[in-house]
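S.K.:
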Amino acid sequence: MQLTVWTYEGPPHMGAMRIAASMRDVHCVLHAPQGDTYADLLFTMIARNAKRPPVTYTSFQARDLGGDTAGLVQRTLRETVERFRPQALLVGEACTAELIQDQPGALAEGMDLGIPVVPLELPAYTRKENWGAAETFFSLVRALLRGRPLPERGQGAPKANLLGPTALGFRCRDDITEVTKLLGSLGIEVNVVAPAGASPADLLRLPEADFNVCLYPEIAHETCAWLERMFKQPWTRIVPIGVGATVDFLREAAALAGVDPAPALAAAQTRLPWYSRSVDSTYLTGKRVFIFGDATHAIAAARVATEELAFDVVGLGTYSREFTRELRAAAEQYGLEPLITDDYLEVEARVLELAPELVLGTQMERHIAKRAGIPCAVISAPVHVQDFPARYAPQMGFEGANVLFDTWVHPLMMGLEEHLITMFREDIEFHDEAAPSHLGPAATRGGAETRATAPADDAPADVSDEELIWDMDAERELRKIPFFVRGKARRNTERYARESGVATITIETLYDAKAHFGR
Amino acid sequence: MPLLRERGQRQVFCGLAGIVWLHRKIQDAFFLVVGSRTCAHLLQSAAGVMIFAEPRFATAILQDRDLAGMADCNDELDRVVAELLARRPDIGTLFLVGSCPSEVIKLDLDTAAERLSRNQQGRVRILAYSGSGIETTFTQGEDTCLTALVREMPAADAPALLVVGTLPDIVEDQFCRLFDAIGIAPVHFLPPRRASELPPVGAGTRVLAAQPFVGDTVAALAERGATLIEAPYPFGVEGTRAWLGAAAAAFDIPDARVQDVCAAPMARAERGLARYREQLAGKRISFLPDSQLEIPLGRFLARECGMQLVEVAVPYLDRRMLGPELALLPAPERLSEGQDVEAQLDRLRADRPDLTVCGLGLANPLEAEGLTTKWSIELVFSPVHGFDQAPDLAELFARPLNRRARLAF
Chain A
26 MQLTVWTYEG
36 PPHMGAMRIA
46 ASMRDVHCVL
56 HAPQGDTYAD
66 LLFTMIARNA
76 KRPPVTYTSF
86 QARDLGGDTA
96 GLVQRTLRET
106 VERFRPQALL
116 VGEACTAELI
126 QDQPGALAEG
136 MDLGIPVVPL
146 ELPAYTRKEN
156 WGAAETFFSL
166 VRALLRGRPL
176 PERGQGAPKA
186 NLLGPTALGF
196 RCRDDITEVT
206 KLLGSLGIEV
216 NVVAPAGASP
226 ADLLRLPEAD
236 FNVCLYPEIA
246 HETCAWLERM
256 FKQPWTRIVP
266 IGVGATVDFL
276 REAAALAGVD
286 PAPALAAAQT
296 RLPWYSRSVD
306 STYLTGKRVF
316 IFGDATHAIA
326 AARVATEELA
336 FDVVGLGTYS
346 REFTRELRAA
356 AEQYGLEPLI
366 TDDYLEVEAR
376 VLELAPELVL
386 GTQMERHIAK
396 RAGIPCAVIS
406 APVHVQDFPA
416 RYAPQMGFEG
426 ANVLFDTWVH
436 PLMMGLEEHL
446 ITMFREDIEF
456 HDEAAPSHLG
466 PAATRGGAET
476 RATAPADDAP
486 ADVSDEELIW
496 DMDAERELRK
506 IPFFVRGKAR
516 RNTERYARES
526 GVATITIETL
536 YDAKAHFGR
Chain B
385 MPLLRERGQR
395 QVFCGLAGIV
405 WLHRKIQDAF
415 FLVVGSRTCA
425 HLLQSAAGVM
435 IFAEPRFATA
445 ILQDRDLAGM
455 ADCNDELDRV
465 VAELLARRPD
475 IGTLFLVGSC
485 PSEVIKLDLD
495 TAAERLSRNQ
505 QGRVRILAYS
515 GSGIETTFTQ
525 GEDTCLTALV
535 REMPAADAPA
545 LLVVGTLPDI
555 VEDQFCRLFD
565 AIGIAPVHFL
575 PPRRASELPP
585 VGAGTRVLAA
595 QPFVGDTVAA
605 LAERGATLIE
615 APYPFGVEGT
625 RAWLGAAAAA
635 FDIPDARVQD
645 VCAAPMARAE
655 RGLARYREQL
665 AGKRISFLPD
675 SQLEIPLGRF
685 LARECGMQLV
695 EVAVPYLDRR
705 MLGPELALLP
715 APERLSEGQD
725 VEAQLDRLRA
735 DRPDLTVCGL
745 GLANPLEAEG
755 LTTKWSIELV
765 FSPVHGFDQA
775 PDLAELFARP
785 LNRRARLAF
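From first to last, the protein sequence lines are chains A and B. Mapping of the first sequence onto our numbering: residues 26 to 544, in sequence order. Mapping of the second sequence onto our numbering: residues 385 to 793, in sequence order.
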């Protein structure tokens, strides 16, 4: 058993639902107990879809368990196909159904339903949502395209498929628009976008493209690799989040399409570089940031944070175990110990230990940041309703970079306020416990104390910490250091004291440590 | 009244959803679901839009190796509970909440709770109940939770009134004042605001249900000697008056006394209701099954707001708990129990009522089809009981109609 306060991903059948709900003319039948229909709400409420997800549940109850649950599955399958007349049927089971082993996929295959049936193996006790989505997408594409001949290519403009965007994916809707625009600037046409918006008939046209754009590797990596083997389609490895990555992506796509990227690069417009270079942003230099999310967004965010905003990345991690290698490589680049975990409590412990000035994470990191009193912005799923905005809000491409700048800088205290707080600590309105005033009257920095004192700095510390004593004056002096760097100052001072064999920390020790480590 | 019984796909929550309001009502309790990632995902999808510094619920997610053997499972549970209690020493009462996976593998949480309680030597009370979808529907999760608390209630045979079912704090306080004025004392509430302050129960205890979904709790209280006061539920002026009247009668208090106490709040509620009656009268309403509140609310909307009932559907029909309500309910075109959601939606599209009460999985899709909806979960999350909330309750149903009329696009 794993104690889980928050989970980064849903169960794998949730991933299968995301594929079905992304597409047209595909239906999914899930063998699941009464109550598992809660998942519909994620589509109808969080993503605000106007249609029910194309998912039918068997909804078995305790009294059904004594009887013929397999018969229930067959009845549900027959009625679903008759009512919805899909072009293809996905059949899977939720975690409870996995325990009773009715084999709904095999049952469906034996029923002669007259359409392609894709049985799904979704091991609910070992795998999770993104794996389920990737597996479902791959199984569907393979079922439809296996044995198809290689089409003729090379006539007309170069064409690419956009693979990976799904329902409930973070900003997929606007990323599709932005990437389509990027490819358009190179003269590349989009052949099929899938799974978002595609029908099984559209999937049959996938091989007609010259190459694949793997927008979200968590969803599409496996499918891209298979299409390359079967249909000789190369695929992009760079995800265009951030200015640098977008430029690299344009070069990569141009090379795959055999076109010249120079005109597109020359015409590119983005405000992030100037905003970040303008003197108003100088105070952002070296802000200590902790990054966590799915591997794609976390790795991209780390590059933007260091190269484009001049932050210091002090922690980098992901819950996407399938992309451990990629994240390790990125972390190594910044000299960091990667955090690969799906355990919320472990992420929380790391954040409290590092005491960063900004957290870039998921909805779950917002809980952590609230507890620790640290500013936070969301960069990755899981997200809640406010991160499915009405306005155009891509993460990818040049407009995505503009969005990232605004979103990440917003939660930080603005420059003048930060200076004045540092100079004058006892103002009744602008003080240490108050949140940045541009966030309005409701915001408070309730957790700032937690971070500056226990358990933020005490909880994960070394055993030898118990031997260190802060004298009263030093403790008071520590409190004069602005809240956003106080946690780090405390840890550095204690580390310095341990390393130099000081048992009682005085004001002198505090300043010695400051001189030793710098800011 | 003819009853349509249906089976098929059910678009309802499981009992785990009850944790979303119970963790707020019982402030010193923690809810640990023993289940799968699906259960954890349900809870955070329902409650995770709020940002928690210290959440009061969590899930012990079963792993592959837990499914291999039972003894191992109990050791694992002990480890997880120890980990949780170390992290949160402030927990006074811990609920182990059963789920579909834990029920199917027959993990005995009752025994586990007893064992863990013993190990804690009285520092933490540990109880178990089921919130699984295979056994419970939505608000039934509160019923099973309260049933687990009944065993822990201290015994006392002195006459007392026990009001059962979660009420918002403000409504609880209003009822306290009314009972006091009528002369009923002492009055206790289940669940209490703190699990450490459980009310007593015994032969003198008269139980008044504030919610129609607490049937098992009432049965458990009866086993401890308590008797149920049969009454309609305190929704609207009529329901609240009858509810208070039934309580007074059980304590041999003359009805004139109740009438004196209620006259002023009833008049006030009538004034407040008038505005919404204008908006609601003659409108046709259908309820999809959700919480068991459908029959009392249908009764209120039909009798006090002049609405016409098309289909009133309940997830299950507990005739003992709903007898007095059924006696008052103007016959709807259709009364149904259970659900086959596709067939029910076909009927709904044919009926095209002015307002449909349904869950959030269906609300937006039905709005997109041009049907006006009232999402039903809000009725469990809002102060809706009692005289002074009667206009608020009516407003909840008038609001979507009002909104549809106001929006230009």
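Each residue gets a CB set at the ideal place from its N, CA and C atoms; glycine is no exception. As the structure is a computational prediction, the values presented were derived from the model and not from experiment.
If I follow the unbroken alpha helix (DSSP H) through T94 (chain A), where does it start and stop?
M.R.: Against the first sequence, residue 94 (chain A) aligns to sequence position 69. Where T94 (chain A) is concerned, the enclosing alpha helix (DSSP H) stretches over T94 to F109.
S.K.: Does the Cβ-Cβ distance between A323 (chain A) and F315 (chain A) come in under 8 Å?
M.R.: Within the first sequence, residue 323 (chain A) is the residue found at index 298, counting from 1. Within the first sequence, residue 315 (chain A) is the residue found at index 290, counting from 1. The answer is no: Cβ separation not under 8 Å.
S.K.: Note down, in chain order, every chain B residue with its Cβ under 8 Å from the Cβ of K153 (chain A).
M.R.: Translated into positions along the first sequence, residue 153 (chain A) becomes position 128. Per Cβ cutoff of 8 Å: R421.
S.K.: Output, in chain order, the set of chain A residues within a Cβ distance shorter than 7 Å of I489 (chain B).
M.R.: Counting from 1 along the second sequence, the entry for residue 489 (chain B) is found at position 105. Chain A residues near I489 (chain B): L124.
S.K.: Helix, strand or coil for E678 (chain B) per DSSP?
M.R.: For the purposes of this step, residue 678 (chain B) is taken as residue 294 along the second sequence, with counting starting at 1. Looking at E678 (chain B) - three-state DSSP - the assignment turns out to be helix.
S.K.: Who are the neighbours of L426 (chain B) on chain A, taking C-beta pairs under 7 Å?
M.R.: Numbered from its first residue, the second sequence carries residue 426 (chain B) at position 42. Near L426 (chain B) (Cβ distances below 7 Å), the residues of chain A are Y63.
S.K.: Assuming H56 (chain A) is part of the beta strand (DSSP E), what are its boundary residues?
M.R.: Position 31 of the first sequence, counted from the start, is the residue given in the question as residue 56 (chain A). Counting along the chain, the beta strand (DSSP E) containing H56 (chain A) begins and ends at V51 to H56.
S.K.: Counting only beta-carbon atoms, is G35 (chain A) nearer than 8 Å to chain B?
M.R.: Taking the first sequence and counting its residues from 1, the one referred to as residue 35 (chain A) is at position 10. Yes, G35 (chain A) lies at the interface with chain B (some Cβ there is under 8 Å from its Cβ).
S.K.: For A479 (chain A) and G512 (chain A), what's the separation of their Cα atoms in angstroms?
M.R.: The residue labelled residue 479 (chain A) in the question sits at position 454 within the first sequence. The residue labelled residue 512 (chain A) in the question sits at position 487 within the first sequence. Because A479 (chain A) sits at a pLDDT of 36, beneath the cut-off of 50, its placement in the model cannot be relied upon, and the following sentence gives the value as read from the coordinates. Taking the straight line from one Cα to the other gives about 10 Å.
S.K.: Looking at the unbroken alpha helix (DSSP H) that takes in D123 (chain A), where does it start and where does it end?
M.R.: Residue mapping note: residue 123 (chain A) aligns to position 98 of the first sequence, counting from 1. What sits at residue 123 (chain A) in the sequence shown is Glu, not Asp. Residues C120 to I125.
S.K.: Hey, which unbroken runs of the alpha helix (DSSP H) at 4 residues or more fall wholly within the region 342–425 of chain A?
M.R.: Correct list: 349–358, 369–379 and 388–397.
S.K.: Answer with yes or no whether the minimum CB distance from L102 (chain A) to chain B is below 8 Å.
M.R.: The residue you call residue 102 (chain A) lines up with position 77 of the first sequence. Not closer than 8 Å to any Cβ of chain B, the Cβ of L102 (chain A) fails to qualify, so no.
S.K.: What are the boundary residues of the alpha helix (DSSP H) that includes A604 (chain B)?
M.R.: The residue labelled residue 604 (chain B) in the question sits at position 220 within the second sequence. It spans G599 to E607 - the alpha helix (DSSP H) in which A604 (chain B) sits, taken as one unbroken run.
S.K.: Under 9 Å, CB to CB, which of the residues in the region 734–745 of chain B have a partner in chain A?
M.R.: Cβ contacts with chain A come from G743, L744 and G745.
S.K.: State the CB to CB distance for the pair L102 (chain A) and Y82 (chain A), rounded to an integer number of angstroms; the pair is presumed to be in contact (CB under 8 Å).
M.R.: Along the first sequence, one-based indexing puts residue 102 (chain A) at 77. Along the first sequence, one-based indexing puts residue 82 (chain A) at 57. L102 (chain A) to Y82 (chain A), Cβ: 12 Å. No contact.
S.K.: Considering only C-alpha positions, which residue in the set B:P575, B:R561, B:I568 and B:I510 is nearest to L530 (chain B)?
M.R.: Counted from its first residue, the second sequence places residue 530 (chain B) at position 146. Comparing Cα positions, the closest option is B:P575.
S.K.: What number of angstroms, rounded off, separates the C-alpha of T477 (chain B) from the C-alpha of V534 (chain B)?
M.R.: Along the second sequence, one-based indexing puts residue 477 (chain B) at 93. Along the second sequence, one-based indexing puts residue 534 (chain B) at 150. One C-alpha to the other measures close to 14 Å.
S.K.: Quick one: which residues of the region 51–80 of chain A get their C-beta closer than 9 Å to a C-beta of chain B? List them in chain order.
M.R.: Flagged, chain order: A57, P58, Q59, G60, D61, T62, Y63, A64, D65, L66, L67, F68, T69, M70, I71, R73, N74, A75, K76, R77 and P78.
S.K.: Mind pulling the chain A residues with CB within less than 7 Å of D448 (chain B)?
M.R.: For the purposes of this step, residue 448 (chain B) is taken as the residue at position 64 of the second sequence. In chain order: Y150 and T151.
S.K.: Can you say whether W260 (chain A) is buried or exposed, counting buried as having 16 or more other CB atoms within 10 angstroms of its CB?
M.R.: One-based indexing of the first sequence puts residue 260 (chain A) at position 235. Per the 10 Å Cβ criterion, buried.
S.K.: Going along the region 392–406 of chain B in order, which residues come within less than 9 Å of chain E, judged by CB to CB distance?
M.R.: You won't find chain E in this structure, because its protein chains are A and B.
S.K.: Find the residues of chain A that neighbour I669 (chain B), judging by a C-beta separation of less than 9 Å, and give them in chain order.
M.R.: Within the second sequence, residue 669 (chain B) is the residue found at index 285, counting from 1. Here the premise fails: no neighbours, minimum Cβ distance about 21 Å.
S.K.: Provide the residue span of the beta strand (DSSP E) that contains V481 (chain B), from first to last.
M.R.: Looking up residue 481 (chain B) in the second sequence gives position 97. Here the beta strand (DSSP E) through V481 (chain B) covers T477 to G482.
S.K.: Only counting the same chain, and skipping five residues up and downstream in sequence, which positions put a Cβ closer than 7 Å to that of P220 (chain A)?
M.R.: Position 195 of the first sequence holds residue 220 (chain A). Same-chain partners within the cutoff: I44, S47, M48, F162 and T191.
S.K.: Hey, is the region 771–782 of chain B in contact with the region 650–659 of chain B, meaning 3+ C-beta pairs nearer than 8 Å?
M.R.: Touching, yes, given that three or more Cβ pairs across the two stretches are closer than 8 Å.
S.K.: If the cut-off is 7 Å on Cβ atoms, which residues from the region 458–488 of chain B count as contacting chain A, listed in chain order?
M.R.: Answer set for the region 458–488 of chain B: E460, L461, V464, E467, L468, C484, P485 and V488.
S.K.: Give the single residue among B:Q595, B:R391 and B:L416 whose Cα lies nearest to the Cα of V464 (chain B).
M.R.: Here residue 464 (chain B) refers to the residue found at position 80 when the second sequence is read from its first residue. The residue with the shortest Cα to Cα distance from V464 (chain B) is B:L416.
S.K.: Can you give the beta carbon distance from G599 (chain B) to F684 (chain B), rounded, assuming they're within the 8 Å contact cut?
M.R.: Counting from one through the second sequence, the residue named residue 599 (chain B) turns up at place 215. Counting from one through the second sequence, the residue named residue 684 (chain B) turns up at place 300. Not confirmed; about 20 Å, so no contact.
S.K.: If you compare alpha carbons, which of B:A697, B:A747 and B:E662 is closest to S675 (chain B)?
M.R.: By 1-based counting over the second sequence, the position of residue 675 (chain B) is 291. Of the listed residues, the one whose Cα sits closest to S675 (chain B) is B:A697.
S.K.: Helix, strand or coil for G318 (chain A), going by three-state DSSP, please let me know.
M.R.: Numbered from 1 along the first sequence, position 293 holds the residue referred to as residue 318 (chain A). Of the three classes helix, strand and coil, the one that applies to G318 (chain A) here is strand, per DSSP.
S.K.: Along chain A, in chain order, which residues have C-beta atoms closer than 7 Å to that of P439 (chain B)?
M.R.: Your numbering for residue 439 (chain B) matches position 55 in the second sequence. Those are V30, listed as they occur along chain A.
S.K.: Note down, in chain order, each residue of its chain lying with its Cβ closer than 7 Å to the Cβ of V408 (chain A), except the 5 sequence neighbours on either side.
M.R.: Translated into positions along the first sequence, residue 408 (chain A) becomes position 383. Once the five neighbours on either side are set aside, the close Cβ partners of V408 (chain A) are F195, T387 and Q388.
S.K.: To the nearest angstrom, how far is the alpha carbon of R578 (chain B) from that of V725 (chain B)?
M.R.: Indexing the second sequence from 1 puts residue 578 (chain B) at position 194. Indexing the second sequence from 1 puts residue 725 (chain B) at position 341. Rounded to the nearest angstrom, the two C-alpha atoms are 39 Å apart.
S.K.: Since A87 (chain A) meets chain B, which of its residues come closer than 7 Å, beta carbon to beta carbon?
M.R.: On the first sequence, residue 87 (chain A) is found 62 positions in, with the first residue counted as 1. Chain B residues near A87 (chain A): I518 and E519.
S.K.: Counting along the chain, where does the beta strand (DSSP E) carrying A401 (chain B) start and finish?
M.R.: Here residue 401 (chain B) refers to the residue found at position 17 of the second sequence. Neither: A401 (chain B) is in no beta strand (DSSP E) and is coded neither H nor E.
S.K.: Residues of the region 110–140 of chain A with a CB closer than 8 Å to any CB of chain B: list them in chain order, please.
M.R.: Residues passing the 8 Å Cβ filter: A119, C120, T121, L124 and I125.
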